[in-house]
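Asks:
Residue numbers (our numbering): 84 to 430.
(1) Straight-line CA distance for residue 156 to residue 136?
(2) Let me make sure I understand the geometry here. Which of 403, 417, 229 has the alpha-carbon closest to that of residue 377?
(3) What are the uninterrupted segments assigned as beta strand (DSSP E) that are 3 or more residues long and contained completely in the segment 301-371, given in chain order?
(4) Excluding sequence positions up to five away, which residues of its chain have a Cβ less than 6 Å from the Cβ of residue 269?
(5) For residue 184, which residues from the same chain have a beta carbon less than 6 Å from its beta carbon, with the 5 sequence-adjacent residues on both sides left out?
(6) Specify the secondary structure class of residue 91 as computed by DSSP and reduced to three states.
(7) Would you kindly report the start and end of the unbroken alpha helix (DSSP H) that includes residue 283?
(8) Starting from residue 407, follow the alpha helix (DSSP H) in both directions and report where the run begins and ends.
(9) Mind checking residue 253: buried by the 16 CB within 10 Å criterion, or exposed?
(10) Nearest-angstrom Cα distance between residue 210 and residue 93?
(11) Pull up the distance between the alpha-carbon of residue 166 and that of residue 419, whole angstroms please.
(12) Looking at the structure shown, is residue 376 part of a helix, part of a strand, or coil, going by DSSP?
(13) By DSSP's criteria, residue 221 is part of a beta bridge. Which residues make up the other side?
(14) Once the 5 residues before and after residue 409 are set aside, which same chain residues still bring their CB inside 8 Å of it?
(15) Any idea which residues DSSP pairs residue 159 with across the strands?
(16) Leaving aside the five residues before and after residue 187 along the sequence, list all residues of the same chain whose C-beta is less than 8 Å from its C-beta, in chain order.
(17) Out of curiosity, what's the CA-to-CA distance linking residue 427 and residue 390?
(18) Assign residue 145 to one of two classes, buried (16 or more other C-beta atoms within 10 Å of its C-beta) or exposed (fewer than that).
(19) What's the gap between the Cα of residue 279 and the Cα of residue 237?
(20) As a quick exercise: from 393, 407, 412, pick the residue whose alpha carbon is nearest that of residue 229.
(21) Determine, using beta carbons only, whether residue 174 and residue 102 come nearer to each other than 8 Å.
(22) Going by C-alpha distance, which of 373, 368, 297 is nearest residue 306?
(23) Can you tell me whether residue 334 is buried or exposed? The criterion is at least 16 other CB atoms within 10 Å of its CB, across all chains shown.
(24) Please report the distance separating the alpha-carbon of residue 56 from that of residue 384.
(25) Per DSSP, what kind of secondary structure is residue 207 in: helix, strand or coil?
(26) Quick check on residue 397: does DSSP put it in helix, strand or coil?
(27) Leaving out the 5 sequence neighbours to the left and right, which residues in its chain are closer than 7 Å to residue 172 when beta-carbon positions are compared?
(28) How should residue 317 be labelled, buried or exposed, when 16 other C-beta atoms within 10 angstroms of its C-beta is the threshold for buried?
(29) Suppose the cutoff is 8 Å on Cβ atoms and the five residues either side in sequence are ignored; what does the same chain contact list for residue 176 look like?
(30) Beta-carbon separation of residue 218 and residue 206 under 8 Å?
(31) Based on the DSSP output, what are the partners of residue 237 in its beta bridges?
(32) Kindly list the residues whose CB is nearer than 8 Å to the CB of residue 115, restricted to its own chain and excluding five residues on each side of it in sequence; keep chain order.
(33) In terms of residues, what are the limits of the beta strand (DSSP E) holding residue 141?
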């Protein structure tokens, strides 16, 4: 059987020298020598991963990433192209973009537009949009066929409080009271934002699956939540269904039982048996980090689906740099995740 590999890779501030991340200070930008070392490290990891398609997060200098990927054997590249810079200091970026690189031609690629009617059916405001606009692409994968890809970077964790707001308060009682209140409200917003992003990707995926139940759909992303979180369960529909209307969960007619699997998405790591007793961390470190980065797929790539168009057979985390690599500024604070998908053959 043939195989293709797909990967997700958070680059950690891919911003050329002279661009600062989040604030203007010497430790928040690269020297030319550091920038070259970072690009060299990325190229080496990309070669080691040997993936056919890579989704990237934290992309600011997207033209430089496109050139680096072209030199690495990925001539097909698309970036949403909308890093956001500080209005008061255009050298400081405050939000990055995502991108996709492929060895195979892009049938289509564009920034994800629309939220699939999510505000109509939830408490989310009508003006909801993603914190970072995802890539929505279609690639004709060898042996699998046209596959819809999403590349995402969900809303960051952390309840952020504006230092200037607190500094402006002269009384310490007010400083403490206001910090807690602003942090609580900010926490509500960031959790709700990620949940809405997860729900939107599920609904957008369903557009493809509803039209073709075995369609291959792949999400490559830094989802900023751990595997047991409610956000991930919104995306994958992994929580148990307690009834189908008034019908018990296992009493669905046998001829329709397969539908229980068709309309779900799957964390690729969980589709591979014997992956190990402990899931490798993808963020922060081997021993002290967590899992934030995922390859999520539709039932069309589920090894248990007899009608599948491909089957995930391996998920790898390239985390050696957490222990022995360069510092995160010259590497990344994330570890790339690579999924191998076996295909029935070339086609």
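Every residue, glycine too, gets a C-beta built ideally from N, C-alpha and C.
Fair warning: this is a prediction, and the values are worked out from it, not measured in the lab.
Replies: Straight from the coordinates:
(1) 11 Å
(2) 417
(3) 348-350
(4) 242, 243
(5) 137, 152, 157, 160
(6) strand
(7) 255-294
(8) 403-407
(9) exposed
(10) 27 Å
(11) 21 Å
(12) strand
(13) 191, 231
(14) 120, 124
(15) 185
(16) 135, 136, 159, 222, 223, 224, 225
(17) 11 Å
(18) buried
(19) 10 Å
(20) 393
(21) yes
(22) 373
(23) exposed
(24) Since the first residue shown for the chain is 84 and the last is 430, residue 56 is missing from the structure and cannot be characterised.
(25) coil
(26) strand
(27) 107
(28) buried
(29) 98, 102, 103, 104, 105, 143, 166, 167, 168, 169
(30) no
(31) Answer is none; residue 237 lacks a bridge partner.
(32) 100
(33) 136-142
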